[in-house]
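So the structure is just underneath, and the comments pick up after that.
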Amino acid sequence: MKKNPIIKVAGLFLIACMSFPVHSEAILKKHKTTTSSTSITRNSNHAFQGRVEVNVEDLPEKVRNTLNDKSYAGWTIIEAFLVTNEDNSQYYELVVRRADERTRMKVDASGNVLN
């Protein structure tokens, strides 16, 4: 009596489907977990960080004035996040744009550029 190849394929498919959630959960935990407007990110060089989106208008004046420096002429803040490290230190991550260029900046509450 020959075994049906369809049963073999179905069995392999079932095994693959059962193992996928375990692997995908591990991948998600390793890279990024997001809840509403707050996300927690794990960097290879840093511990866990909390990241909350901030309206550009709500940024501290010193942070907004950072782009008034001549070296940042023409750059505009298009997104902003308040990042809290595990040691409770904080900085602002700014997504800035000039013409068709786009980059990220790290700025502390005093307006000092960290990167």
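First residue of the sequence shown: 1, per the UniProt record's numbering; consecutive thereafter. Even for Gly, the Cβ is constructed at its ideal location relative to N, Cα and C. The model shown is predicted, which means the values in this text are computed figures rather than measured ones.
Euclidean distance between Cα positions of residue 66 and residue 92
If you draw a straight line from the Cα of residue 66 to the Cα of residue 92, it is about 11 Å long.
Assumed close pair residue 63, residue 107 - CB separation to whole angstroms, cut-off 8 Å:
A Cβ-Cβ separation of about 5 Å places residue 63 in contact with residue 107 under the 8 Å criterion.
Within 10 Å of its beta-carbon, does residue 77 have 16 or more other beta-carbons around it, so buried, or fewer, so exposed?
Buried, because 16 or more other Cβ atoms sit within 10 Å of the Cβ of residue 77.
My assumption, with CB atoms under 8 Å, is that residue 105 sits in contact with residue 115. Please give the rounded CB distance.
Contact between residue 105 and residue 115 holds, since their C-beta atoms are separated by about 7 Å, short of 8 Å.
Do residue 94 and residue 109 have their beta-carbon atoms positioned less than 8 Å apart in this structure?
No, these two residues do not count as a Cβ contact at 8 Å.
Check the C-beta distance from residue 96 over to residue 51 and give it rounded, since I have them as a contact under 8 Å.
Their Cβ separation, rounded to whole angstroms, is 17 Å, which puts residue 96 and residue 51 out of contact at 8 Å.
Beta-carbon within less than 6 Å of residue 59's beta-carbon, same chain only, minus the 5 sequence neighbours each way: which residues are those?
Here the set comprises 80.
DSSP state of residue 86 mapped onto helix, strand, coil
If DSSP states are grouped into helix, strand and coil, residue 86 belongs with coil.
Selected residue, minimal CA-CA separation from residue 73, among 98, 89, 102 and 87:
For the residues 98, 89, 102 and 87, the minimum Cα distance to residue 73 belongs to 98.
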